[in-house]
Amino acid sequence: MAPLKGGTLAAPLCAACLNPDPDFWDRCPVCETTWQFGTEPCQRCRVDQKLADLLGDGAVVAAELDPFRRALVAVERPDHAMSWLTKPKVRDLLTALGKDPRPVTHDLLDELPEGKTLHYLRGLLMATGALPARDQRLTNLELWINQKLDGRKDLAERRVLHGYAIWHHLRRLRQRVRGQQLTVDQDQNVRIHINGAVQLLDDLAGHGVLLGACTQSDVDDFMANRATYPTRTAHFVRWAVAHRHAHNLTAPATRWVGPSGPHDEDRRWEVARRLLHEGDTPTADRVAGLLLLLYAQHVNTIRHLTLDHVQRDGGKPKILLGDRPIVLPEPLDGLMEELIASRRGHTLVDEPGTWLFPGRLPGQPLSSDQLVVRLRALGVNPRQDRGTALFTLASQVPAAILARMLGIHRSVAVQWQNSSGGDWAAYAADVAARPVRTGPAK
């Protein structure tokens, strides 16, 4: 990838394309390939030497860091790479890695001072293959849980909290994500549940009461007057009773009773038509908005979509949101193809990976906060418009099919169907009345 020497923003040109006469240009004295004005080392060779100085004392960079070095030298804008390498915090981190005789691993990085710079560097190392992939949000959650457990001085309380945090929440969370990246909502949900349990244990200890000996009045008084997360604390109480850490206590669960709030179908279709047919909006934002407006997808689901979710059957793109792929209609199918062809990373190494919506952190998708901001700028209200889409779809499609197509839980689909007034007795009768195929399956 040659440095830019001229042209326009729409059609940039390198030196060889701007003036193909080799005698017109000087060459880099190090690589002898870059065409440039002057005989000083080119930007890429300077980046390479800077990395060698930081990571190898001017000599050879460690083998495990060589993919990182090569990726940084090959970036589209080597001047940006040089600017990043000269930042004091980056320089200090890379120097510390270069001086440490141990191989660069996640455990080694965990020993360095935590911060945004280390987080970004870890992402770069994973994105370039210098480190194996790791869900850093899940790792941080595990470290946070261990800190909470270590903070319990009473061994009995620590044992109870360990069972609730590790064997209940963390184990179920790992089963749920199944190797996928942990979302912000999942992370926060576990933290709030554990904080609710810690708050109850602290309150009981402050009153000189053990969990196993507390009464219903102790729990009711705490829930009514001092609980920051009453519904989460109630979950901990039910778990403690079920596992015989507490006795004769009740804390009823608050069940979701179905959708509520206004549903503006006309406004939803007005925004959807604009995103489908007006091309003055970035393709990624249009596709994300349409997936929410047409298929009622949650923001976190949209941001975690990858190339594997887009399938093709005879050239027609389909998207897999549940366990049944959905054929994308025109012109959404063309927008999806355009997104796949034009998506780019927004990081130093410009590596989008397999994400349909790559983010600003290496190897990570677009954050939910960033996606919400971009959707709101298009006139999309994520919470209300998703509810409107679910309300409308539930009135048109049976709950079982809706759940399988959109990837939502069947009980949620049933509640939306009940709220929308969908009556599927006629649908079932229509299906039963259809002629049965007797010929061979195609």
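Numbering (my numbering), first residue to last: 1164 to 1605. The C-beta atom is built at its ideal place from N, Cα and C for all residues, glycine as well.
Presumed contact (8 Å Cβ cut-off) between residue i and residue j, rounded CB distance
{"i": "residue 1470", "j": "residue 1519", "result": "7 Å"}
{"i": "residue 1300", "j": "residue 1350", "result": "5 Å"}
{"i": "residue 1166", "j": "residue 1196", "result": "So it is not a contact: roughly 11 Å between Cβ atoms."}
{"i": "residue 1287", "j": "residue 1525", "result": "5 Å"}
{"i": "residue 1552", "j": "residue 1562", "result": "About 15 Å separates the two Cβ atoms, so there is no contact after all."}
{"i": "residue 1426", "j": "residue 1554", "result": "5 Å"}
CB contact flag (residue i, residue j, <9 Å)
{"i": "residue 1580", "j": "residue 1558", "result": "yes"}
{"i": "residue 1210", "j": "residue 1235", "result": "yes"}
{"i": "residue 1408", "j": "residue 1375", "result": "yes"}
{"i": "residue 1338", "j": "residue 1467", "result": "no"}
{"i": "residue 1202", "j": "residue 1189", "result": "yes"}
{"i": "residue 1290", "j": "residue 1267", "result": "no"}
{"i": "residue 1486", "j": "residue 1359", "result": "no"}
{"i": "residue 1321", "j": "residue 1333", "result": "no"}
{"i": "residue 1435", "j": "residue 1556", "result": "no"}
{"i": "residue 1498", "j": "residue 1457", "result": "no"}
{"i": "residue 1353", "j": "residue 1319", "result": "no"}
{"i": "residue 1509", "j": "residue 1521", "result": "yes"}
{"i": "residue 1232", "j": "residue 1260", "result": "no"}
{"i": "residue 1549", "j": "residue 1455", "result": "yes"}
Distance, residue j Cα to residue i Cα
{"i": "residue 1183", "j": "residue 1237", "result": "22 Å"}
{"i": "residue 1604", "j": "residue 1477", "result": "Because residue 1604 sits at a pLDDT of 45, beneath the cut-off of 50, its placement in the model cannot be relied upon, and the following sentence gives the value as read from the coordinates. Roughly 18 Å separates the two Cα atoms."}
{"i": "residue 1572", "j": "residue 1584", "result": "19 Å"}
{"i": "residue 1398", "j": "residue 1357", "result": "10 Å"}
{"i": "residue 1446", "j": "residue 1282", "result": "29 Å"}
{"i": "residue 1245", "j": "residue 1212", "result": "10 Å"}
{"i": "residue 1488", "j": "residue 1481", "result": "6 Å"}
{"i": "residue 1394", "j": "residue 1430", "result": "35 Å"}
{"i": "residue 1346", "j": "residue 1307", "result": "16 Å"}
{"i": "residue 1402", "j": "residue 1378", "result": "16 Å"}
{"i": "residue 1253", "j": "residue 1204", "result": "23 Å"}
{"i": "residue 1323", "j": "residue 1463", "result": "32 Å"}
{"i": "residue 1277", "j": "residue 1284", "result": "11 Å"}
{"i": "residue 1169", "j": "residue 1194", "result": "22 Å"}
{"i": "residue 1174", "j": "residue 1495", "result": "28 Å"}
{"i": "residue 1523", "j": "residue 1225", "result": "27 Å"}
{"i": "residue 1309", "j": "residue 1473", "result": "39 Å"}
{"i": "residue 1279", "j": "residue 1256", "result": "12 Å"}
{"i": "residue 1566", "j": "residue 1417", "result": "23 Å"}
{"i": "residue 1177", "j": "residue 1171", "result": "11 Å"}
{"i": "residue 1258", "j": "residue 1217", "result": "5 Å"}
{"i": "residue 1199", "j": "residue 1247", "result": "23 Å"}
{"i": "residue 1535", "j": "residue 1444", "result": "15 Å"}
{"i": "residue 1314", "j": "residue 1361", "result": "10 Å"}
{"i": "residue 1405", "j": "residue 1331", "result": "12 Å"}
{"i": "residue 1370", "j": "residue 1383", "result": "14 Å"}
{"i": "residue 1207", "j": "residue 1181", "result": "20 Å"}
{"i": "residue 1303", "j": "residue 1275", "result": "14 Å"}
{"i": "residue 1305", "j": "residue 1582", "result": "39 Å"}
{"i": "residue 1107", "j": "residue 1490", "result": "Nothing about residue 1107 can be reported from this structure: the residues present for the chain run from 1164 to 1605 only."}
{"i": "residue 1532", "j": "residue 1546", "result": "13 Å"}
{"i": "residue 1587", "j": "residue 1568", "result": "Because the pLDDT of residue 1587 is 49, which lies under 50, any placement of that residue in the model is unreliable, and the number read from its coordinates should be weighed accordingly. Their backbone Cα atoms lie some 17 Å apart in a straight line."}
{"i": "residue 1265", "j": "residue 1192", "result": "34 Å"}
{"i": "residue 1433", "j": "residue 1453", "result": "12 Å"}
{"i": "residue 1428", "j": "residue 1442", "result": "23 Å"}
{"i": "residue 1437", "j": "residue 1355", "result": "39 Å"}
{"i": "residue 1590", "j": "residue 1348", "result": "Its pLDDT being 44, under 50, residue 1590 is placed unreliably by the model, and nothing is read from it."}
{"i": "residue 1483", "j": "residue 1560", "result": "17 Å"}
{"i": "residue 1593", "j": "residue 1578", "result": "Low confidence applies to residue 1593: its pLDDT is 48, below 50, so where it sits in the model is not reliable enough to give any reading."}
{"i": "residue 1317", "j": "residue 1516", "result": "46 Å"}
Near the ligand SAM: residue i beta-carbon under 8 Å from a heavy atom
{"i": "residue 1373", "result": "For the structure depicted, the ligand SAM is absent and the ligand set is empty, with no information on it obtainable."}
Alpha helix (DSSP H) runs wholly inside the region 1176 to 1234, at least 4 long, in chain order: 1178 to 1181, 1206 to 1219
Could you pull out every unbroken beta strand (DSSP E) segment of at least 3 residues lying fully inside the region 1423 to 1493, listed in chain order? You should have 1473 to 1476, 1479 to 1483, 1488 to 1490.
With three or more C-beta pairs closer than 8 Å as the rule, is the region 1387 to 1401 touching the region 1363 to 1375? yes
Does the region 1405 to 1418 come within contact of the region 1496 to 1506, defined as at least 3 CB pairs closer than 8 Å? Short answer: they don't touch.
For the 8 Å Cβ check, are there 3 or more pairs between the region 1531 to 1551 and the region 1438 to 1453? yes
Given 8 Å, three or more beta-carbon pairs between the region 1290 to 1306 and the region 1241 to 1255: no
Unbroken beta strand (DSSP E) runs of length 3 or more, entirely within the region 1351 to 1392: which are they? If we require 3 residues or more, the region 1351 to 1392 turns out to have no beta strand (DSSP E) run fully inside it.
Unbroken alpha helix (DSSP H) runs of length 4 or more, entirely within the region 1504 to 1590: which are they? 1531 to 1540, 1545 to 1557, 1562 to 1569, 1573 to 1583
Run through the region 1260 to 1324 for me and flag every whole beta strand (DSSP E) of 3 or more residues, listed as ranges in chain order. none
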